[in-house]
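> Residue numbers (UniProt numbering): 1 to 242. My questions all concern the structure below.
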């Protein structure tokens, strides 16, 4: 896959609001923070369960009447308790899911709904992996897991969201691969995933910030002739070589 791109914290990754001037304004910062909030991230681009206040929010929920109101009987019978560890564990299962492992996705979908209703957490379906910055849609696109990709798209995942800052690239959180799912699918030669993404509304001409590389560039660079031919047939254009 193409090399990572250093991204200053004040400049949003592709798919997020882009500042219109060289020096981002307070409005630009606010727009990026809101975009991240809507995509299951902290203001710095970490998964939402890394929020300092998240453990306390879980404790308050577990002791509140909302738990009895929002949790189904099967959860109550198991003495369910919402914890950061539980949320991260289930998120990891989603990221590691095999093709067609719908039970894991359905459990995550239920938890995402609970988090939104009980704690006001939005976009949990798009939450990134803190180490890689990838979201579930990126993982499914890379592996060619079309069933999983279609399920994610049908349940609200953003098929145009860029990867988040990755700790494996920089502990400061100032570096991201800046890849959208279509970039990843093309880089791995996953024609089925590209078709699924296109059907769900993904931009096949999405440009990686700041070099402008498109899915077609990634397919060509990776030597994936079938993916490149498919993209060309769909009218996709090249940008800058990745």
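The beta carbon of each residue, even a glycine, is placed where N, CA and C say it ideally should be. Predicted, not measured: the structure shown is a model, and the values here were computed from it.
List the residues that DSSP assigns as beta-bridge partners of residue 41.
Answer is 47, bridged to residue 41.
> What would DSSP say about residue 112, mapped onto helix, strand or coil?
helix
> Straight-line CA distance for residue 238 to residue 123?
Rounded to the nearest angstrom, the two C-alpha atoms are 31 Å apart.
> For a test of the three-state rule: what should DSSP assign to residue 155, helix, strand or coil?
coil
> Pick from 73, 178 and 193: whose alpha carbon is nearest that of residue 211?
178
> For residue 181 and residue 158, what's the separation of their Cα atoms in angstroms?
9 Å
> Let me check understanding here. Comparing Cα to Cα, which of 222, 120, 191 and 49 lies closest to residue 233?
Comparing Cα-Cα distances from residue 233 to each of 222, 120, 191 and 49, the minimum goes to 191.
> Could you tell me the alpha carbon to alpha carbon distance between residue 54 and residue 220, rounded to whole angstroms?
43 Å
> Less than 8 Å between the CB of residue 176 and some heavy atom of the ligand SAH, yes or no?
As far as ligands go, the structure on display features none, and thus does not contain the ligand SAH.
> By a C-beta neighbour count over all protein chains shown, 10 Å radius and 16 as the cutoff for buried, is residue 163 buried or exposed?
buried
> Here's a check: name, in chain order, each residue in its chain whose Cβ is nearer than 6 Å to the Cβ of residue 50, leaving out the five neighbours to either side.
42
> Name the residue from 185, 156, 152 and 133 whose alpha carbon lies nearest to the alpha carbon of residue 175.
Its Cα nearest to that of residue 175, the residue 133 stands out among 185, 156, 152 and 133.
> What is the residue span of the alpha helix (DSSP H) that residue 192 lies within?
191–199
> Given residue 44, which residues of its chain have a CB within under 6 Å of its CB, disregarding the five upstream and five downstream residues?
These residues qualify, in order along the chain: 173.
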